[in-house]
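> Let me begin by handing over the structure; questions about it come next.
Numbering (the numbering used here), first residue to last: 47 to 233.
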């Protein structure tokens, strides 16, 4: 496709976010994904359709884990969030009747709810190494530090962590999107 058509197509596709996404696509000064503007341009020129362009971008590992444009597009188009190979520490499913993931101290004296970005049902939780996924593809919720248990149900009563409890320790960034909550281990 002709490169001069890219800006209009991107802005038409994502309306109010189109200007920002186009800036991310053409920004070659990104600290997180240097050289990405040329990669996006190459995919655009090689594609025969807008959907072909999106498919090429979605499959490109050079963009997948760090590019802000990739993350923004992925969040809007609801692409699955990929974890870099070797960066997944743990993953499991929790139940939700309050649209959240509940975590708290291991003594069971206090608890916190993190919105899962979707609502009720069964949802995934992933514990990942720092930089193990494209943080632009999710909404940053909060950061936590200490030793915590993650409850298997968001409406569970506070209780001390049992032998099968999911316990995390350290400093984490907490992100959520479409029902999945990531705890990114910062230290």
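All C-beta atoms in this analysis are idealised placements derived from N, C-alpha and C, irrespective of residue type, glycine included.
1. Quick one: Cα of residue 122 to Cα of residue 183, how far?
2. Which one or two residues does DSSP pair with residue 142 in a beta bridge?
3. Mind checking residue 115: buried by the 16 CB within 10 Å criterion, or exposed?
4. Pick from 60, 144 and 212: whose alpha carbon is nearest that of residue 137?
5. Please say whether residue 206 and residue 154 have beta carbons closer to each other than 7 Å?
6. Pop quiz: residue 221 and residue 181 are said to be a contact at Cβ under 8 Å. What is the actual Cβ separation, rounded to whole angstroms?
7. Hey, residue 146 and residue 161 are a contact pair by Cβ (cut 8 Å); roughly how many whole angstroms apart?
8. Apart from the five residues just before and just after residue 132, which ones in its own chain have a Cβ nearer than 6 Å to its Cβ?
9. Using only CA atoms, which one of 225, 49, 107 and 185 lies nearest to residue 200?
10. Which whole-angstrom value describes the C-beta separation of residue 214 and residue 194, a residue pair presumed to lie in contact below a C-beta threshold of 8 Å?
11. Helix, strand or coil: how does DSSP classify residue 212 here?
12. Quick one, are the C-beta atoms of residue 178 and residue 223 less than 7 Å apart?
13. DSSP state of residue 173, grouped into three classes?
14. Would you list the residues sitting across from residue 134 in a DSSP beta bridge?
15. Given a threshold of 16 other Cβ atoms within 10 Å of its Cβ, counted over all protein chains shown, does residue 139 qualify as buried or as exposed?
16. At a Cβ threshold of 7 Å, is residue 197 touching chain C?
17. In the DSSP assignment, find the alpha helix (DSSP H) that holds residue 105 and state where it starts and stops.
So, to answer that:
1. Near 9 Å, if we compare the C-alpha coordinates of residue 183 and residue 122.
2. 167
3. buried
4. If we check each option's Cα against that of residue 137, 212 comes out closest.
5. Contact flag set, yes.
6. 6 Å
7. 6 Å
8. none
9. 225
10. 5 Å
11. Here residue 212 sits in strand by DSSP.
12. No. Outside cutoff.
13. strand
14. 174
15. exposed
16. Within the model displayed, chain C is absent; a lone protein chain is all it includes.
17. 96 to 105
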